[in-house]
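Let me begin by presenting the structure, written as structure tokens, before commenting on it.
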Amino acid sequence: MTEPPPQDPASSASKAKTTRYSAPALEKGLQILELLADQESGLSQNQIAQQLGRSVNEIFRMLNCLEQFGYIYRQRPEDLYYLTLKLFELGHHQPPLKRLLMAAQQPMRKLVNQIRSSCHLTVLHNNQMMVVARQDSPEPLSFIARLGSLYSLASIPAGRVMLAFQPPELQAQWLQELAKDIAEWGDPTAFRERLALIRQRGYEHTHQEVHQGVVSLSFPIQDSTGLAHAALTVPLIITTRTPPDVDTVIALTAAATEHIQLALGWLRADD
2 MTEPPPQDPA SSASKAKTTR YSAPALEKGL QILELLADQE SGLSQNQIAQ QLGRSVNEIF
62 RMLNCLEQFG YIYRQRPEDL YYLTLKLFEL GHHQPPLKRL LMAAQQPMRK LVNQIRSSCH
122 LTVLHNNQMM VVARQDSPEP LSFIARLGSL YSLASIPAGR VMLAFQPPEL QAQWLQELAK
182 DIAEWGDPTA FRERLALIRQ RGYEHTHQEV HQGVVSLSFP IQDSTGLAHA ALTVPLIITT
242 RTPPDVDTVI ALTAAATEHI QLALGWLRAD D
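Start counting the sequence shown at 2; every next residue gets the next number (the numbering used here).
Next comes the structure, spelled out in structure tokens:
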């Protein structure tokens, strides 16, 4: 009889450790999330099972669990499963937010002193944009965004900036989830064209869209891949006495966003 080849002790220990700490249910859940993350459209329960090489019975409970906790949603009556944005939102919890606020504090303070107008910072929160920081204008008359205020992604410049600077597949999913809000904004085709325009010029520029007499400029805070994680917005109050130089404000706001990105390590000094 031939003796089996000797086992590598390190390999055996590694294998034993892997087997000891395996979590089949978790593995199934992660496989489902990774599969749906790669899809441009939803998948049925049968399609998910087939692509993962599992039976429908194996994934049935996991699909229900992921749906219950908000990581996936089922579109009826087609019964197609899609990945939600919950994982994206979890990535924006407290430690990164604190880092963002620290990086933005000085550039925002400098900006309001330069343009004599307020500015505020918004981030994604439960499929809405939340105001998380602001710098008030030194002038007696200014527009102030209340901290903690929530707005639809489709309804404000900052939300559209966030949508414009996302990967195409994630943007498409968002547009589907926000169909009702987009319909209230206007024509869905025009909305998509608006996002393309924002991405092309690098910011959103609206005149009296949200508030009478206010011009809004909103710029993305982007990481090194171009993905938007926040938006810096300047609401300019238009007065007949001292109308603002919008072009100058655009240039200064763009510089402020670059300084924030530099402080976060998302933009190199030589870029």
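Cβ coordinates follow ideal geometry from the N, Cα and C atoms, glycine included. Bear in mind that the values here come from a model prediction, so they are computed numbers and not experimental data.
One thing to note: residue 54 has its Cβ no nearer than 8 Å to the Cβ of residue 81. Restricting attention to 254, 263, 129, the CA atom closest to the CA of residue 110 is found in 254.
Taken through DSSP and simplified to helix, strand or coil, residue 142 comes out as coil. When only Cα atoms are considered, residue 64 and residue 46 end up about 8 Å apart. For the alpha helix (DSSP H) assignment, the uninterrupted runs of no fewer than 4 residues enclosed by the stretch 150 to 190 are, from N- to C-terminal side, 158 to 165, 169 to 178, 180 to 186. The alpha-carbon separation between residue 245 and residue 166 amounts to approximately 27 Å.
For residue 32, the uninterrupted alpha helix (DSSP H) run begins and ends at 25 to 38, by DSSP. Closest option to residue 116, judged by alpha-carbon separation, among 30, 236, 134: 236.
Annotation: the stretch 55 to 139 contains the following complete segments of the beta strand (DSSP E) (minimum length 3 residues), in chain order: 73 to 76, 81 to 84, 120 to 126, 129 to 136. Per DSSP, reduced to three states, the secondary structure at residue 228 is coil, with no helix or strand assignment. DSSP lists no bridge partner for residue 259.
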